Amino acid sequence: MKTTRSLMMMNFDFELVCELPQYVGLTVTRSFWEIGSFKLTMKRGMPGWGEVQRERLLYFSDRPDLMLLIEKVTVTEQQVVADGLPLKGLCKRRICVPPSVTAQSDEYLAFGWDRFTGDAESAYLHYAANNLTAPEENKRKLPRMTLASNSHRGESLPWQARFDKLHELFADIGEATGLGWDVRPDFENKQYVFGAWAGVDRTGDTVMSGEIPRRAVLSRKLGNVDGTTLTDDGNTAVTTVYAGGSGEDENRLILNVGGDAVGAERREGWTDISGAEDADMLREGARRKLVERKLTLGVEVRESGLCRYLRDYDVGDIVTVQADEWQMNARLIAMEETHEGGKVKLKATFGDAPVTLTRMLRGSPRTAATNGGYRAATAAAPGLMSAADKVALDGMTTGKLTPTYNSAEWAAETTAQRAALYEAGARLAVVTDGSGGGTLLTLGANGDTTRLQGQPRNLLDNSDFRQPVNQRGWVSGTAVADSSYFLDRWKYYTGNTTTAPTLGTSGLTVPESIEQLLVGLEYLIGKPVTVACKFSDGEVLVASGNLLASETWTPFAVKAGTAGKNLYMACVGNTDLPKKWQIIVMGAGGTLAWVALYEGEYTADTLPEYVPKGYGAELLECQRYFFGLYVDVYRWANHLSAAENAYEVVPPLFFPCRMRATPTVTMKYDVSDGAPNTGSPLIVSPICCGAPNLLLSPGDVFDVDAVTASADL
């Protein structure tokens, strides 16, 4: 049974409030141009339910960029429901207040227009600065909000705003230029960063940064689509716009754009651009009011197959979608994620957003007939797929994009021909029959191939030092003794002097060496494994070799990095059962971001992308080895009249998961608020512990303040 992904909760000052390890369900809608939304449902009594309050922020430890702002909390007798917005929803709290006109004597006529002409990213940052980070009136400034650097991306257009809703202006800029926007947390500097969000064209047709990006294709035959719904909607289309510029009555400048449309296909609209003083400016403003028919594709996405959400594509990217006998290249403009019972359901929206009443009233502007390569539905309209289309579709890979051959064509090529055609490490699909079934292969340096498996499992526990499990409550900067555990599953290596590591948002700064002991790897003896680690400065150490079965201090893998950074793996305790292996990382003052151990042999070029397991999953794995409760575990009052019966009345405490072995348990307690005591429970097993062997008198209150259970190696 899969476990629910834990949610972390903090306040606006980046102070961690609590963790929500359990909830009934979470539905999040991420949007490229719009705000999006979320709904969290919990049962009363679930851990942390009482901390769910307005103005608090939620995030997954392995996806901190997806930060959620609680706007509304509803509490009933059975459950708590929190509704809110992604962090970019902060922009809903501001309108576009234009700069004041200092020459105007009447304070009620002191505002003109906030006009800007330039690339889309500059437009975003201009209006964000004027209304979020550096407004004229200091009271309007959002605390901790800052702007991202400007790369001057997106189409250049003229813009003007006067008391418009800020988030609607941002949506208009995005839809007109194809550049998205977002607000994301910067944990290191404790700031919220507003910036542009550029999607990637993953259709295989565009070269970016000197190379073709990893291609993304969604279809039933690739195992990542359950169903599709295509909507072609012309309700809000506008083909011809009459626009009014400066001037009054019959002296007003008026022109139309798109006037060539005739007959029933002509759909007219009006826009007031009173600030436009010349025909060119008025014409550009009118073009933004042209609205094409909306072509929307809804897709039920599966988290399986060769191409996966967040790994191979994200919101804002342009991907290839296939359904039955048609395909289209479309931008993913929104994704609805539903997290329930450890599973994730995904509903994707491609193309133009579906029409709603709000959007019809707002009349979002669009670009003119040309869309500069950004608009979602620039691909050919749905139609029958050609044989060439099918070949291109089948060529979708999770690595470098390569064409795909059917099995007969593939078998006819020699390894030398393959090596000449493709880069080493390229991944490709070989179709075995006309139904699209096939095998995913990876190409070796000499043209040979091996079957490519899915994302390999990281065999280490608590491997992400940017969000580590710390049940012992070790304090950063506190000295750790030789051979002692400090973070869960990690101990100082034998032979270290007593030093003080430090923990920050970038990872663990290690003055000397740390190690993790592992068991249960007998099935890998004699097979290749790879150990790797990454430091916050970007340095990655990788080493591999066959797993040894006998104890030796000639480790299979040693990787020397800069300034004394090293990786080791060796077998220890050969005569002990279970057999143990150790991973040793010598940090030499470097800051460790993560460490990983994978089955198989990898190099720095072929090393899988590190994917954090998530805090909740790591916590459960760590609790098999160590478990700690530190505040008011329970209180029990003895009401029996016979003191000799008091041995049996204190109920056992159950651990959250079955521990690796029978643990050593220490319990801190007091009796009737007396002096604190430390004792060993009467009942100890891998699943629970009891009370100390203590005779209680009638009326005594047995108060347990802390319990630690250690089954560490």
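Remember, my numbering sits 115 above the position in the sequence shown when you count from 1. Glycine is no exception: its CB is placed at the ideal position from the N, C-alpha and C atoms. Remember, it's a predicted structure, so these values are computed and weren't measured experimentally.
Near residue i, which residues of its chain fall below 8 Å by C-beta distance, leaving aside the five closest residues on each side in sequence?
i             : result
arginine 750  : Val816, Phe817, Asp818 and Val819
glutamate 654 : Gly676, Thr677, Lys680 and Gly705
glycine 622   : Phe580, Arg581, Phe650, Ser651, Thr706, Leu707, Ala708 and Trp709
glycine 743   : Gln586, Arg587, Gly588, Ala821, Val822, Thr823 and Ala824
alanine 249   : Lys256
Identify which residue in the options has its Cα closest to the Cα of residue i.
i              : options                           : result
valine 332     : Thr191, Ala379, Thr593 and Met443 : Met443
tyrosine 357   : Asp348, Ala732 and Glu399         : Glu399
alanine 379    : Asp393, Gly349 and Lys404         : Gly349
aspartate 234  : Ile210, Ser271, Val584 and Ala685 : Ser271
asparagine 265 : Ala276, Ala243 and Pro250         : Ala243
glycine 420    : Arg178, Arg335 and Asn304         : Arg335
glutamate 455  : Val308, Gln137, Leu425 and Ala732 : Gln137
glutamate 637  : Thr620, Pro616, Thr617 and Leu662 : Leu662
proline 201    : Pro807, Met182, Arg209 and Thr261 : Met182
arginine 841   : Ala445, Tyr713, Thr614 and Phe601 : No answer is possible for residue 841: it lies beyond the span of the chain, which begins at 116 and ends at 828.
alanine 313    : Glu303, Thr779 and Ile288         : Ile288
Return the chain-ordered list of same chain residues with a C-beta closer than 6 Å to the C-beta of residue i, the five sequence neighbours on each side being excluded.
i                 : result
aspartate 316     : Ile433
glycine 362       : Leu368
glutamine 738     : Pro771 and Cys772
valine 430        : Arg145, Phe147, Leu447 and Met450
valine 584        : Asn577, Asp603, Glu733, Leu734 and Cys737
phenylalanine 231 : Ala238, His241 and Trp274
alanine 376       : Thr354 and Thr355
Where do the N-terminal and C-terminal ends of the beta strand (DSSP E) with residue i fall, by residue?
i              : result
serine 237     : Element bounds for serine 237: not the beta strand (DSSP E) but the alpha helix (DSSP H), 235–243.
methionine 123 : 122–125
arginine 145   : 140–146
leucine 829    : This structure gives no information on residue 829, because the portion of the chain shown stretches from 116 to 828.
methionine 774 : Unbroken run through methionine 774: none, as it is neither H nor E.
methionine 157 : 152–158
proline 64     : A query on residue 64 cannot be resolved here, the shown segment of the chain reaching from 116 to 828 and no further.
leucine 618    : 617–619
cysteine 422   : Cysteine 422 -> no beta strand (DSSP E), and no H or E assigned at all.
isoleucine 629 : 628–633
methionine 161 : Unbroken run through methionine 161: none, as it is neither H nor E.
tyrosine 174   : 172–175
glycine 622    : 622–624
tryptophan 696 : 695–701
Just reading off the alpha helix (DSSP H) that residue i is part of, what are its end residues?
i             : result
aspartate 279 : Premise fails: aspartate 279 is in no alpha helix (DSSP H) and is neither H nor E.
leucine 735   : 730–738
glutamate 186 : Segment 178–190 is the beta strand (DSSP E) holding glutamate 186; no alpha helix (DSSP H) there.
glutamate 415 : Taken as a continuous stretch (DSSP letters only), glutamate 415 belongs to no alpha helix (DSSP H), being part of the beta strand (DSSP E) at 409–416.
arginine 299  : Careful: arginine 299 lies outside any alpha helix (DSSP H), inside the beta strand (DSSP E) at 295–301.
aspartate 395 : 394–402
Please work out which residues of its chain come closer than 7 Å, Cβ to Cβ, to residue i, disregarding the five sequence neighbours upstream and downstream, and give them in chain order.
i                 : result
phenylalanine 285 : Cys206, Tyr239 and Trp296
arginine 775      : Arg739, Tyr740 and Ala826
threonine 617     : Ser591, Gly592 and Thr624
alanine 496       : Since pLDDT at alanine 496 reaches only 27, below the 50 mark, its modelled position is unreliable, and no value is offered.
glutamate 236     : Asn265, Ser266, His267, Arg268, Gly269, Leu294 and Ala311
glutamine 767     : It should be pointed out that residue 767 corresponds to proline in this sequence rather than to glutamine. Hits under 7 Å: Ile798, Cys803, Cys804 and Gly805.
aspartate 279     : Ile210 and Cys211
Please report the straight-line C-alpha distance between residue i and residue j, rounded to a whole angstrom.
i                 : j                 : result
phenylalanine 127 : serine 389        : 40 Å
tryptophan 228    : leucine 141       : 41 Å
glutamine 586     : phenylalanine 741 : 8 Å
aspartate 827     : lysine 649        : 25 Å
isoleucine 640    : glutamate 716     : 14 Å
valine 139        : methionine 161    : 9 Å
lysine 154        : valine 196        : 7 Å
threonine 781     : lysine 158        : 32 Å
proline 213       : glutamine 275     : 9 Å
methionine 74     : valine 308        : Past the boundaries of the shown model lies residue 74; the chain is included only from 116 to 828, so the question cannot be answered.
methionine 500    : proline 643       : Any reading at methionine 500 is ruled out, since the residue's pLDDT is 28, under 50, leaving its predicted position unreliable.
alanine 806       : phenylalanine 601 : 26 Å
alanine 343       : alanine 438       : Just to set this straight, residue 343 is threonine in the shown sequence, not alanine. The straight-line gap from Cα to Cα measures roughly 7 Å.
leucine 281       : leucine 397       : 22 Å
leucine 405       : methionine 260    : 34 Å
glycine 199       : leucine 184       : 6 Å
arginine 723      : aspartate 180     : According to the sequence provided, residue 723 is proline. The question's arginine does not apply to it. Approximately 22 Å between the Cα atoms of the pair.
Stretch-stretch touch, CB-based, cutoff 8 Å, three pairs: the stretch 163–183 with the stretch 128–144: Judged by Cβ distances under 8 Å, the stretch 163–183 makes contact with the stretch 128–144, as three or more pairs qualify.
Sufficient close CB pairs (3 or more, under 8 Å) joining the stretch 239–258 to the stretch 185–193: No contact exists between the stretch 239–258 and the stretch 185–193.
Any 3 or more C-beta pairs closer than 8 Å across the stretch 628–639 and the stretch 694–703: The answer is yes - the stretch 694–703 touches the stretch 628–639, with three or more Cβ pairs under 8 Å.
Contact the stretch 411–426 vs the stretch 455–468: 3+ CB pairs below 8 Å: Yes, the stretch 411–426 is in contact with the stretch 455–468.
Cβ contact (3+ pairs, closer than 8 Å) linking the stretch 571–591 and the stretch 790–808: Verdict: no, contact absent.
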